[in-house]
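**Student:** Residue numbers (our numbering), protein chains in the order written: chain A, 2 to 225; chain B, -16 to 403.
Glycine included, each C-beta is placed from N, C-alpha and C at the ideal position.
The following block contains the structure, expressed as structure tokens.
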């Protein structure tokens, strides 16, 4: 009698969607934390760093919970390895966001006005990339309903293609802002240039991880 | 009171307990999924299960009952002119059947309290073989039949998995992956209802017609089944057309419709379960009653209908006094099996069990259902299946057969010491 319900393990798809949302909760603070830095509101910067760190930790906890409930004897409709890579890459988005906040707290200094709009523009593009990924990732539960086929899958794959497109846009903006930074470099102290180079790099990584996560989502859904 | 009457009383009490146990514990697997998905209320499930278990047991229960009664054991070894047992033969067989029933009942009770997934079918077959081995020896066991039955225990979950996977893939490609799943559901659902109705009616209409007109020709059997299927098609089409709107959430709509369809498959499973499992209680009981009244077990005399009816009543009583609790528990536990998935699994289970029943093969409904659920999983229909369950099932075979056999052998020696 108990045989039947012993047959069912915990579905990883609901928790995966929740992880997607927790990761995005950190990305949502990218623009506020940058604004705090650019507006030289150091108190707010510190607060936001704390908040991002807290949210990143929540995503981590969720990630580990999913892993813990995925023993090898569970048979899943997707490849277990694909699912774990997807989860890992998605979590890397939150990690990169936390790195960004950490970088910003290292050396609070005024930023040249000419760079500010470009930095904000770049950050917005990064957040847009992640937002698209969240939409695609949140459809996972529906994909499972449709047993991973049909128009529902096509819709998600279209979204993943759009994530790639937006990441490319983010890359272009990163190049623009980096060139502008180096144009200004003569008038700045070398440590600030170094830190901004690193910071822009970390910001770009958020979009990169979003793109990779999208690609892994496609792999996971499309295989077989 | 003569020893043989005491044995008869013990045998019938054990058979009643077996029937009660089948109703109390096993029916839950058939109805639990429908209750869990909200397709049926608990009361509705109990009423439908009662009707269809009873119908299955009394209309199609004969085939498997014959196998249990006279198929597993070579009853000629227990005839009154038996070279080994002499005139005591039939009485030995009666005691053996009683001890087999008692052993299976005790083992089931123990296994249930330990939470082991034990099959009533495996218990009774193991018990019969155990008794035969100690009373006459291995040549009184029809090993060919035992081999066929054992093969059916392996094949029935596999066949259940294949039918369920096929049905789920059909639903998946025909409905879930379509541009408009709701419209596809409205087209396909009446066909699915008709298919289930056809298979269900086909399995017992011959028996019913034979009761009315003697020997019915094959076309009348098919005709009746097709007519009922056609009526089911029209009725379900009318019902489904009533709610004709483009739903905002197509998958939720599909699941709602399949929740209704699951009522049909739940009846189908209950029917098949009754047809297959009643024999576990009634097969040995029929032998006991016949030996007691006729002094022998003639294989050519059919199982009296009243025994099947009594078995059906026993199952219904088990369902009504205890089974509803187990249904509620199972229903709460398996919410993962949404109606499209549950429909496929139940269809695979009932079809397989019914085919096996018609072939006189006693299979385990629970194990077939487990196979069917895994089949749906293989067709990418389930989020996470615990494959360790397969190991537990294999273990339950390995444990049940020798334990039930040894228990029956021991009880037989005990009964013979006191009663013969």
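Which residue comes first and which comes last in the alpha helix (DSSP H) that contains residue 203 (chain B)?
**Tutor:** 201 to 225 is the span of the alpha helix (DSSP H), which, as asked, contains residue 203 (chain B).
**Student:** Which same chain residues, not among the five before or five after residue 144 (chain A), have their C-beta less than 7 Å away from its C-beta?
**Tutor:** The residues are 153, 154, 157, 222.
**Student:** At what residue ranges does the stretch 73 to 105 of chain B contain a whole run of the beta strand (DSSP E), taking only runs of 3 or more?
**Tutor:** Segments of the beta strand (DSSP E) lying fully in the stretch 73 to 105 of chain B: there are none.
**Student:** Report the residues of the stretch 256 to 287 of chain B with a CB closer than 9 Å to any CB of chain A, ordered along the chain.
**Tutor:** Taking 9 Å as the Cβ-Cβ cut-off against chain A, none of the residues of the stretch 256 to 287 of chain B qualify.
**Student:** Since residue 11 (chain A) meets chain B, which of its residues come closer than 7 Å, beta carbon to beta carbon?
**Tutor:** Simply 367.
**Student:** Can you give me the start and stop residues for the alpha helix (DSSP H) that residue 241 (chain B) sits inside?
**Tutor:** Taken as a continuous stretch (DSSP letters only), the alpha helix (DSSP H) holding residue 241 (chain B) covers 233 to 277.
**Student:** Using a Cβ-Cβ distance cut-off of 7 Å, determine whether residue 316 (chain B) contacts chain A.
**Tutor:** With 7 Å as the cut-off, residue 316 (chain B) counts as an interface residue toward chain A.
**Student:** List the residues of chain B that residue 152 (chain A) touches, going by C-beta distances under 7 Å, in chain order.
**Tutor:** Correct list: 162.
**Student:** Quick check: the stretch 20 to 27 of chain A against the stretch 60 to 67 of chain A, are there 3 or more CB pairs under 8 Å?
**Tutor:** Counting Cβ pairs under 8 Å, three or more are found: they touch.
**Student:** Using a C-beta to C-beta distance shorter than 8 Å, which residues of chain B count as neighbours of residue 143 (chain A)?
**Tutor:** Under the 8 Å cutoff, chain B gives 234.
**Student:** Residue 332 (chain B) and residue 352 (chain B): beta carbons closer than 7 Å?
**Tutor:** In contact: residue 332 (chain B) and residue 352 (chain B) (Cβ atoms closer than 7 Å).
**Student:** With 7 Å as the threshold, decide whether the Cβ of residue 329 (chain B) is near any Cβ in chain A.
**Tutor:** It does not: the Cβ of residue 329 (chain B) has no partner Cβ on chain A nearer than 7 Å.
**Student:** For residue 180 (chain B), which residues from the same chain have a beta carbon less than 6 Å from its beta carbon, with the 5 sequence-adjacent residues on both sides left out?
**Tutor:** Closer than 6 Å at Cβ, skipping near neighbours: 211, 212, 215.
**Student:** Helix, strand or coil for residue 210 (chain A), going by three-state DSSP, please let me know.
**Tutor:** Three-state DSSP puts residue 210 (chain A) in a helix.
**Student:** Output needed for residue 179 (chain A): all residues of its chain with C-beta closer than 8 Å, excluding positions within five of it in sequence on either side, in chain order.
**Tutor:** Once the five neighbours on either side are set aside, the close Cβ partners of residue 179 (chain A) are 198, 201.
**Student:** What in chain A is Cβ-close to residue 155 (chain B), meaning under 7 Å?
**Tutor:** Going along chain A in sequence order, the residues near residue 155 (chain B) (Cβ under 7 Å) are 148, 150.
**Student:** In chain order, what residues of the same chain have a beta carbon less than 8 Å from the beta carbon of residue 2 (chain A), not counting five sequence neighbours either side?
**Tutor:** A caution first: residue 2 (chain A) carries a pLDDT of 47, below 50, which makes its placement in the model unreliable, though a value can still be read off. Here the set comprises nothing.
**Student:** Between which two residues does the alpha helix (DSSP H) harbouring residue 96 (chain A) extend?
**Tutor:** Its alpha helix (DSSP H) spans residues 81 to 107.
**Student:** So residue 308 (chain B) is in the alpha helix (DSSP H); what residue range does that whole segment cover?
**Tutor:** Segment 307 to 316, the alpha helix (DSSP H) holding residue 308 (chain B).
**Student:** By the criterion of Cβ-Cβ separation under 7 Å, what are the contact partners of residue 14 (chain A) in chain B?
**Tutor:** Here the neighbours are 366.
**Student:** Taking beta-carbon pairs under 7 Å, can you tell me which members of the stretch 68 to 84 of chain A lie near chain B?
**Tutor:** Within the stretch 68 to 84 of chain A, the qualifying residues are 74, 75, 76, 77, 78.
**Student:** Is the Cβ-Cβ distance between residue 309 (chain B) and residue 328 (chain B) less than 7 Å?
**Tutor:** Their beta carbons are not under 7 Å apart, which means residue 309 (chain B) does not touch residue 328 (chain B) by this criterion.
**Student:** For chain A, check one thing: does any of its Cβ atoms lie closer than 7 Å to the Cβ of residue 183 (chain B)?
**Tutor:** No - not a single Cβ of chain A is within 7 Å of the one on residue 183 (chain B).
**Student:** Quick one, are the C-beta atoms of residue 161 (chain A) and residue 218 (chain A) less than 7 Å apart?
**Tutor:** Yes. Within cutoff.
**Student:** Assuming residue 42 (chain B) and residue 190 (chain B) make a contact with CB atoms under 8 Å, what is their CB distance in whole Å?
**Tutor:** Yes, they are in contact, since the Cβ atoms of residue 42 (chain B) and residue 190 (chain B) sit about 5 Å apart, within 8 Å.
**Student:** Can you tell me whether residue 330 (chain B) is buried or exposed, with buried defined as 16 or more other CB within 10 angstroms of its CB?
**Tutor:** Looking at its Cβ environment, which holds 16 or more other Cβ atoms inside 10 Å, residue 330 (chain B) is buried.
**Student:** Give the C-beta separation of residue 291 (chain B) and residue 265 (chain B) to the nearest angstrom, bearing in mind that I take them to be a contact with Cβ-Cβ under 8 Å.
**Tutor:** Sure, about 6 Å apart at Cβ, within 8 Å.
**Student:** Is it true that the CB of residue 7 (chain B) sits closer than 7 Å to the CB of residue 354 (chain B)?
**Tutor:** Taking 7 Å as the Cβ cut-off, residue 354 (chain B) and residue 7 (chain B) do not qualify as a contacting pair.
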